[in-house]
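Below is one structure, written out as structure tokens; the observations come after it.
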Amino acid sequence: MASVNHAIVLHQRDFETKPQHFDGSVQNLPYCVVMLRDFLFAELSSRVQKSLNSTNSQHFSLAQSFLSVSAVRKRFEASPGPFSSLLPRYFANGQVPALEEVFKSQSATAIEDDIKPPTMQLKHEVTTGGVVPAPEANTTPTGLKKTVSTQQIPLSSISGPTYVTGQLLVQQAAYKLSDKIFSLSPETFDLDNAVKEWSHADEKNIHGETTTVVPLQTRAGAGTFALGYIFSKDFDLSKRHIPQTLLAPSLSLRHLRSALDQLSLLYGVASPFVAHIAATDYSAHDGLVVDYESALQTAEDLGLGLVSSASAYEIQHMSLLATALASLLPTLHVYDGLRTARETLRVVDALGETSIADLYKKVAQAAGALNKRLDTAGKVVELLRSFNSELGTAYAPFEYHGHEAPELVLVVFGSAEAQLAKQVVNTLAAEGKKVGAINVRIYRPFIEEAFLEALPESVRQIAVLGQVRDGVAVDDASVQSALYSDVLTAISFADRPHEPVVVDVKYAASTVHTPSSVASIIHQLTAKDSQNEIRLALQALEQARQYTFWDVDNSSAVAAPKSLGKLLAREAPNNVYVHETYDNLVQGGAVRTDIRSSEKVIEAPFAIEEADVVFVAEEKLLKDVDVVKGSKAGSKLILRLPNFKKEDLEKRIPAAARKQIQEKGLELFVLDSSFSPALEKDAELLAQLAFLHVARPEMTLPELAKFGEVAQGEVTLSEFADTLPQALKAVEVLAAWAEVAEAPAVPLKAFTPTSFLAFEKDEQEPALKLDSWQEAAKGLVFKEAYGTQIDLPLGHSTPTTTQKQVVDFINFYGLNADDLVQVPSREDPAVAETRTVYQSLVQNLDILGKPPKRFFESLAEFATDEAEKKKLEFLGGKDGADEFKRLSEVETVNYVDVLEMFRSAHPTFPDLVRIVAPLKRREYSIASAQAVTPTSVALMIVVVDWVDTKGRTRYGQATRYLSGLKPGTAVTVSVKPSVMKLPTADTAPLIMAGLGTGLAPFRAFVQYRAMQKAQGKDIGAILLYLGSRHQREEYLYGEEWEAYMDAGVITLLGAAFSRDQPQKIYIQDRMRQTIADIVQAYIKDEGSFYLCGPTWPVPDVTAVLEEAIAVEAREGAKKVDPRKEIERLKEDGRYVLEVY
């Protein structure tokens, strides 16, 4: 196929922040096709979907349908784009030249996955709102994959009293009011499921058009596509008044910052822009957390508006208000994305399509009639007044609740915490306590006059409940919450007879507030002599029924709680709240479902603390999680224990759980379905009936059948009801259970939300096998044509294993060097790439590396000789630790040695790929400054060699390879950014400590400072400390350092050669000898410290720096904590480690 001589530039406004060039050659065809696909997706989605629905489509006809000349030509005639010049060459006559036969010879399965627009991979039954429908009776999920609900919720169904989630109401408002919705929803967050369904169904917005949903990737520059659309010269100006909307979690804000900054600067010529931000982030330690701090900080830094929702009941109103405010300034609407927006509940006054259209049009007219002389804050107040007038509400920028004359007032950002604070202070105020709370509904602009007006005159203390990123920020006195700064400023400049004290009560994003925790904060502020936690229950929950279900996420009965939620919701009058929490790190995936049922509306954005019934469907959870803790005293506990025997009860219930059961006076029930195959087949139905029998014993069989949710037919229901007494039995709780000795007081694991969906476990790894080049060629042509990375560049990766040893191993093992095998990619181990056997041993597998214990254990499975099998098992087990250590550290055996030692253990090569560790990349610090030597790069490498116990000379793989290269040999390398960076100020001193080859980056630093000095610039002092064993053998770049000393570039050179004298001297000793110089350069002159090398000297070197900090503090009569000061220096980039 001839190469096409055209260059393609994808402009910034169309795609990403930097132009990308494609030369049109065959090698670049795949990526061009993929980018063209993405560029035209919105216009051709219906055509693609029709094509994908065809079961008989071949690859070629499918590609032809998707990239048909008629569709492409129609698009580009209207608005020529970057691919215009490419089309005539690549798609002449409506087909891709030279690939037709390849496509015709393949099936359509793989390409369908590649061309389909990105979709959510839902692993369990999911709907975008309402109580999740019960699955059909007598059905069991296939395998471990959850049932996916394809039920679409029409826009017209959301109106008046209805069961929805707050997230669905956000999507409804966004869809009805927007021209385009840009969505940054991670795969499991499902922030855009409903809007995608409505757009696909051609539902109309209030402007009479179908709202387009544009999925974006969560990455740097993600918002550029939206900017390109809004400011495009081809933008339809008749739509300039229609809002553009973003749906995203707060974790995406860091990637959107630059785009939001540009939008804010150019907002006078932009469409109204509103972002609905689900305050959700992921922490490696705490799992999913509610993150408001990043949204508050972004709004403050970029001058954006910010409106908050405290509960799902007001989330629809706030979505509409934020969209209306977008006519004045770009606005963020922030809400709790972890619990509040995902709890299914009954909203009695949900606005329908007509109401939304009428309200928005009237408020938009009011916005257009605002006094032009008003500042932004004044316009916001007037627009809010118009909004309240039309809706009949009383929303305010700041809303006070509590005692009429409070002395203490909590100021809380208008999130779920504000709803909690409101209920807590109202409860305490009813008891006579002079406390109150202010809900900050509109954070930006921060309207100081409105805040002071909402603040009672009697207040003497203001406690700002402000979120910060983590526990380190909570403990750091120099870190303030964003809200605290605004409140403090407003109070400081207020003309009040008594200026209240303002306190910053910081909490980490991982903190989960409850009524008791908020009450404890108030108690500690008002009674400082007490640190005890106060127990407080909301009055609204006293009449509510609360139920908690625990199960593993692949259980056949996991959907039972949702079905029960729907059943209970049909009781009138009743309000039912259903919320699921997934922890994929407990038992391979566990789920907790909370159900609250009440005749009155309740707002409780926290997990159930006192359940009336706790149902544990998987007994393994008893050993991992404290499932009994959340039960109310005197309540009921149901345990599902298959094959239950009364004499085994104490063995199956952990001692800690038995102790709590007895102390709380719980009624214990055991559910055992194992005696009946019929019951086992429908565990979900059995779980529902057992729960209802215990929780609602007054409910009769006809009443159950009336709901029509527990089973499809009354006959089945009757059969189960008849056998239930045999499966569900009350069990006596023995008094001796409370006397269990040494019962652990805390659970083994905390149940932490880590996902919004169950973890899918049924993905099977494809079996690896050796193959011929002909088979690989078939897949290669097809996969490269559609952008899948199959990396087969011969000789283009840096070989890091001695080729002769590889050839010897191939001959010994009886392999064909040219056979093909799939091995884990070096860039991404989750992706397989094809290599020849020879290539894989040179470039992918660490066959000459040191094997871990698990290799011996895995190899034992392949041993045919019984003696060798036992020896391998011994080396892989605990008993063989000493022998394994001798082989590894004394004899320094590698994988090849072990395979030669145990010749009966002969795995196939694909099995060898599975059990041999991948070859790790070797990283070397660059030892030269680019500004000094722009055409060359210096690396500091010491060749590693040693003699083993058998007299064999062994070598380090990478260093030997590099040392054997001839001058002029081409080597493929990649550059990884380093943490080692010079300070911004040239006069800032450098204190550098390097061991062995750890001196490499410091040579670059010194070279650069020497160049600056030669140019006549002032440079800071340089203190260089280096360490090695012998000066004669390891004084690396010694002559250079001394020359820099003579030239006045290096101020102090502290060399520590540990073995050149009887008493060992280390680098920390040289630093301690010159501590006065460190105090001057590091503390007084505000220099930066760098350490590069092995990890072992870090504590000793850090101790010297702490001594220097303490010395300077004593000299200045200051009180300084050296450890905290080191932490501060780390954050400021003045304490930098690069260790290995």
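Throughout, the numbering used here is defined as the position within the sequence shown, counted from one, plus 17.
Think of the CB as a built atom: it goes at the ideal place given N, C-alpha and C, for glycine as much as any other residue.
Cβ separation of residue i and residue j, assumed to be a contact under 8 Å, to the nearest whole Å
i     : j     : result
L685  : S648  : No, L685 and S648 are not in contact; Cβ-Cβ is about 11 Å, not under 8 Å.
T1112 : V1153 : No, T1112 and V1153 are not in contact; Cβ-Cβ is about 14 Å, not under 8 Å.
Y830  : P868  : Not quite, the Cβ-Cβ distance comes to about 15 Å (not below 8 Å), so this is no contact.
V9    : L482  : The requested residue 9 does not occur in the structure, where the chain is confined to residues 18 to 1157.
I464  : V519  : Wrong, their Cβ atoms sit about 18 Å apart, outside the cutoff.
A295  : Y246  : 22 Å between Cβ atoms; not a contact.
Y599  : A775  : 6 Å
I932  : L876  : 7 Å
I445  : I539  : Checking the sequence shown, residue 445 turns out to be Leu, not Ile. Indeed they touch by this definition, with Cβ atoms about 7 Å apart.
E874  : G893  : 3 Å
Check whether residue i and residue j have beta carbons under 7 Å apart
i     : j     : result
T357  : A312  : no
A1098 : P1006 : yes
R363  : T182  : no
P770  : L305  : yes
A265  : L355  : no
V711  : K653  : yes
L581  : S614  : no
L745  : L709  : no
A467  : F510  : no
H293  : A191  : yes
L676  : A755  : One detail in the question is off: residue 676 reads as Lys in this sequence, not Leu. Yes. Within cutoff.
Q705  : A607  : no
Y1042 : I1100 : no
V291  : A367  : no
S176  : G369  : yes
Identity of the residue in the options nearest residue i by Cα
i     : options                     : result
F872  : H293, K886 and P1139        : K886
D568  : A586, I655, Q560 and R562   : I655
Q188  : G285, D641, S336 and L283   : S336
I619  : K870, G285 and Q560         : Q560
T315  : N456, A381, L401 and Y460   : Y460
A301  : A877, N861, T1068 and S772  : S772
N405  : L1069, K1147, Y377 and D896 : Y377
N571  : Q743, A634 and K617         : A634
L321  : P289, D1086, D298 and Q333  : P289
W1058 : V631, A987 and F1019        : F1019
D928  : V840, I1082, V535 and T410  : V840
A557  : L741, D1117, E616 and Q541  : E616
Q947  : S216, V491, Q1024 and D1063 : Q1024
L345  : F252, V212 and P260         : P260
Cutoff 7 Å; reference residue i; Cβ partners in own chain excluding five residues on either side
i    : result
E310 : Q484, V485, R486, A499 and A526
F926 : L787, L832, V838 and V854
Residues of its chain near residue i, where Cβ-Cβ distance is below 8 Å and the 5 sequence neighbours each way are ignored
i     : result
I1036 : D1003, T1004, R1026, Q1029, K1030 and V1066
A454  : Y417, H418, G419, V426, L427, V428, V429, A435, A438, K439, V441 and V442
I1095 : I1008, L1040, M1088, V1121, L1122 and A1125
A880  : K886, L889, F919, S921 and A922
G981  : none
D1159 : It is not possible to answer for residue 1159, since the shown part of the chain is limited to 18 through 1157.
H272  : L201, T235, R236, A237, G238, A239 and G240
Near the ligand SAH: residue i beta-carbon under 6 Å from a heavy atom
i    : result
P517 : By its list of ligands, the structure shown contains no ligand whatsoever, and the ligand SAH lies outside what it can speak to.
Neighbourhood of residue i by C-beta distance below 6 Å, restricted to the same chain and skipping five residues each side
i     : result
G730  : A caution first: G730 carries a pLDDT of 44, below 50, which makes its placement in the model unreliable, though a value can still be read off. Within the same chain, G730 has no close Cβ partners at all.
R1151 : S1105
A16   : Outside the displayed range of the chain (18 to 1157) lies residue 16, so it cannot be described from this structure.
L277  : L319
L268  : D298
Secondary structure, alpha helix (DSSP H): runs of 4+ residues fully inside the stretch 501-588: 532-543 and 577-586
Please give the ranges of any alpha helix (DSSP H) in the stretch 308-346, keeping only runs that are unbroken, at least 4 residues long and fully inside the region. 310-319 and 332-342
Ignoring anything shorter than 3 residues, give me the beta strand (DSSP E) runs that lie fully in the stretch 891-969, in order along the chain. 962-964
List, from N- to C-terminal side, the alpha helix (DSSP H) runs of 4 residues or more that fit wholly inside the stretch 826-875. 854-860
Extract the residue ranges of the alpha helix (DSSP H) inside the stretch 195-255, only unbroken runs of 4 or more that lie entirely within it. 210-217 and 241-247
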